[in-house]
Structures are given as structure tokens and as C-alpha cells.
Amino acid sequence: MAKIKMWVFGLIIGLVLGVWGGINIGKGQPLYANPLTQTQVPNKLKEAGKDVIRQSGEALEKTGQAMKESQQE
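The number in the numbering used here is simply the position in the sequence shown, starting from 1, with 12 added.
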């Protein structure tokens with residue numbers, strides 16, 4: 013009976029720690045962060061802005077390369 017109690021206790025603790033870490037990984041936070049806190053809106057907007065700027069830069073580079081190739085022909 014003691015082995016079953018220890019096994020169940022370990023299973024519960026492992027489940028809690030696994031969910032804690034899984035939520036933090038999904039949110040892109042460190043493993044030790046509180047998974048119940050909400051990510052602040054300015055941080056989300058900043059990350060979205062960085063992605064948009066990066067994608068627009070890549071599009072400009074592709075357009076520039078296409079223009080150079082068309083002039084060379």
C-alpha cells in the first residue's frame with residue numbers, strides 16, 4: 013500500500029510540474045516563470061512589430077534582387 017501511495021504522489025507531482033513547464037514553453041516564457049500570469053500587451057505588440065518589419069525587409073530584398081536580374085537581362 014505504501015508503494016502505491018508513493019507512486020500516486022510522484023505521478024501527481026510529475027503531472028503538476030509537467031503542466032507548469034508545458035504552459036511556460038507554450039507561452040515562450042522561462043520554465044520557472046509563473047504560468048498563470050498574462051503576457052503584457054505591449055510586449056506582444058513589440059514582438060508582432062518586429063516580425064512585420066523583418067518580413068517587409070525580406071520582401072524588399074527579394075524585389076531588389078528581381079529588379080537587378082531583370083536589368084541584367
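Where is the CB? At the ideal position from N, CA and C, for every residue including glycine. Fair warning: this is a prediction, and the values are worked out from it, not measured in the lab.
Query raised in the report: Going straight from the alpha carbon of residue 36 to that of residue 15, what length do you get?
Result: Your numbering for residue 36 matches position 24 in the sequence shown. Your numbering for residue 15 matches position 3 in the sequence shown. Going by the C-alpha atoms only, they are around 32 Å apart.
Report task. For my contact list, residue 32 and residue 47 are in at a C-beta cut-off of 8 Å; report their separation, rounded to the angstrom. Result -> As a first step, residue 32 is located in the sequence shown; it is residue number 20 there, counting from the start. As a first step, residue 47 is located in the sequence shown; it is residue number 35 there, counting from the start. 6 Å between Cβ atoms; contact.
Report task. To the nearest angstrom, report how far apart residue 56 and residue 38 are at their CA atoms. Result -> Start at 1 with the first residue of the sequence shown, and residue 56 comes out as number 44. Start at 1 with the first residue of the sequence shown, and residue 38 comes out as number 26. Going by the C-alpha atoms only, they are around 14 Å apart.
Query raised in the report: Looking at the unbroken alpha helix (DSSP H) that takes in residue 27, where does it start and where does it end?
Result: Position 15 of the sequence shown, counted from the first residue, corresponds to residue 27. Counting along the chain, the unbroken alpha helix (DSSP H) around residue 27 starts and ends at 14-39.
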